């Protein structure tokens, strides 16, 4: 960097270029063409200097700010004279930001050609036409429809309240971006610009699963055979995340809204905004704070009293989703009369044991085996204690067995287990 220059940081900002490139005009054009990051802040000392008649300047040789008075004197403090106007002093702070950016870029490069593309925030806004077409909204972000430069349609999720570690975010995004499975939605890119973060996914034309299972006649729309195939596809996607990735991924937000359907109604797990990485040799995950959606959060995620957080936390969420695929919340509400029965798992367990649960869920004899199998597997998955839940691999094995070979799980009570 050039040195020995007093840079006056007043109404304009002086950009300091590498000294070796100052001699060549073409070098200037190259720097501008490549682009560079600018950040600035107002030093505390400058605020004091600018309340007087002096000017805040940076003395490169001394590597500090000094107050330059009108009479030519230079002071480390102020000129002790009142100034009628105030001038904002900018500091071009490149050292910290450049180091952070280098770390990000190094992490991205380390993942090779499989790494999703990083977009600047202005590009993401252009892709979504300034967030013009909203597809959905959740507690952790808003999703908009967009189009990439090559014409591909995408779904862009802008994440809320992103104040966490940028390195951790990049690492998680890179690992998710390397996933490749028919039941995992493709991650095309991401944005990390300060607190602004977004995830860019492939667009699924048939939307999310919730709009089908919560509709007035969901079985007429999808059919029980298709619901069954969707349930198996989701389990296969989870097995891939839990056991087939280089880094084990725990989703933490499995629910119908995060299951997208393509043109053939093939299910794809989406929205990894809450996902966490767990090294393949580790069986549990250390984390602070609960994450997920009420109604689908595993007990141990909310309170460690129930056990450690692990891939079985996703299994719990999957089980709750299976039961909702069988019964649907609206159908349950229409047949529940007593308030004590409104806790869905208890209601479906009690009615299932009395052999009237399937009829209450509008299940006919033709598809009774499908619904019964999905219900039994779902009840196993939502066992309160993680130790009693099956792994997702075991879940897939249960789908392959006859419904007559599946045992009903024991009914658990939260209070009795504590």
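Numbering (the UniProt record's numbering), first residue to last: 1 to 418.
Glycine included, each C-beta is placed from N, C-alpha and C at the ideal position.
The structure displayed is predicted, hence computed values, not measured ones.
query: Leaving aside the five residues before and after residue 178 along the sequence, list all residues of the same chain whose C-beta is less than 8 Å from its C-beta, in chain order.; result: 111, 114, 115, 245 and 246
query: Under the assumption that residue 312 contacts residue 393 (Cβ atoms under 8 Å), give the Cβ distance between them as a whole number of angstroms.; result: 11 Å between Cβ atoms; not a contact.
query: Given this structure, state the Cα-to-Cα distance separating residue 170 from residue 191, to the nearest angstrom.; result: 9 Å
query: Keeping to the same chain, check which residues put their C-beta closer than 7 Å to that of residue 316; ignore five residues upstream and five downstream.; result: 298, 381, 382 and 389
query: From residue 404 to residue 210, what does the alpha carbon distance come to, in whole angstroms?; result: 29 Å
query: List, from N- to C-terminal side, the beta strand (DSSP E) runs of 3 residues or more that fit wholly inside the segment 198-285.; result: 248-250, 259-261, 267-269 and 276-278
query: Under the rule that 16 or more other beta-carbon atoms within 10 Å means buried, what is residue 77, buried or exposed?; result: Because the pLDDT of residue 77 is 49, which lies under 50, any placement of that residue in the model is unreliable, and the number read from its coordinates should be weighed accordingly. Classification of residue 77: exposed, given that the 10 Å Cβ count is below 16.
query: Distance check for residue 152 and residue 141, CA to CA, integer angstroms please.; result: 22 Å
query: In the DSSP output, what is residue 141 paired with across the bridge?; result: 138 and 159
query: Would you kindly check if the distance between the Cβ of residue 396 and the Cβ of residue 235 is under 7 Å?; result: yes
query: Can you tell me whether residue 78 is helix, strand or coil according to DSSP?; result: For residue 78, the predicted structure reports a pLDDT of 49, less than 50, and the residue's modelled location is therefore unreliable. A value from the coordinates is still provided. Three-state result, residue 78: coil.
query: Given a cut-off of 7 Å, decide if residue 212 and residue 222 are closer than it, judged by their beta-carbon atoms.; result: yes
query: I need the straight-line Cα distance from residue 180 to residue 237, nearest angstrom please.; result: 10 Å
query: Between residue 254 and residue 314, how many whole angstroms is the CB-CB distance? I'm expecting something under 8 Å.; result: 6 Å
query: Can you tell which of 349, 174 and 146 has the C-alpha that lies nearest to the C-alpha of residue 248?; result: 174
query: What is the residue span of the alpha helix (DSSP H) that residue 369 lies within?; result: 368-381
query: On the premise that residue 386 lies in contact with residue 300, defined as a C-beta separation below 8 Å, what is that separation, rounded to the nearest angstrom?; result: 6 Å
query: Between the Cα of residue 372 and the Cα atoms of 399, 384 and 233, which residue gives the shortest distance?; result: 399
query: So, for residue 117: in the same chain, excluding its five sequence neighbours on each side, which residues have a beta-carbon less than 6 Å away from its beta-carbon?; result: 189
query: Here's the rule I'm using: 16 or more other beta-carbon atoms within 10 Å means buried, otherwise exposed. How should residue 102 be labelled?; result: exposed
query: For residue 239, collect the residues of the same chain with a Cβ closer than 6 Å to its Cβ; drop the 5 residues on either side in sequence, then sort them by chain order.; result: 392 and 393
query: Among residues of its own chain, excluding the 5 on either side of residue 120, which ones have a beta-carbon nearer than 8 Å to its beta-carbon?; result: 191 and 193
query: Quick test of your reading: residue 206 and residue 269, contact by CB under 8 Å. State the CB separation rounded to the nearest angstrom.; result: Going by Cβ atoms, the distance from residue 206 to residue 269 rounds to 15 Å, so no, they are not a contact pair.
query: Cutting at 6 Å between CB atoms, please list the residues of its own chain near residue 224, excluding the five before and the five after it.; result: 367 and 370
query: Residue 152 by DSSP, collapsed to three states: which one?; result: coil
query: How about residue 159 and residue 197: are their beta carbons less than 7 Å apart?; result: yes
query: With respect to the alpha helix (DSSP H) encompassing residue 327, which residues constitute its N-terminal and C-terminal limits?; result: 312-327
query: At what residues does the beta strand (DSSP E) containing residue 117 begin and finish?; result: 117-119
query: For residue 406, report the span of its alpha helix (DSSP H) as first-last.; result: Run containing residue 406: none; DSSP gives neither H nor E here.
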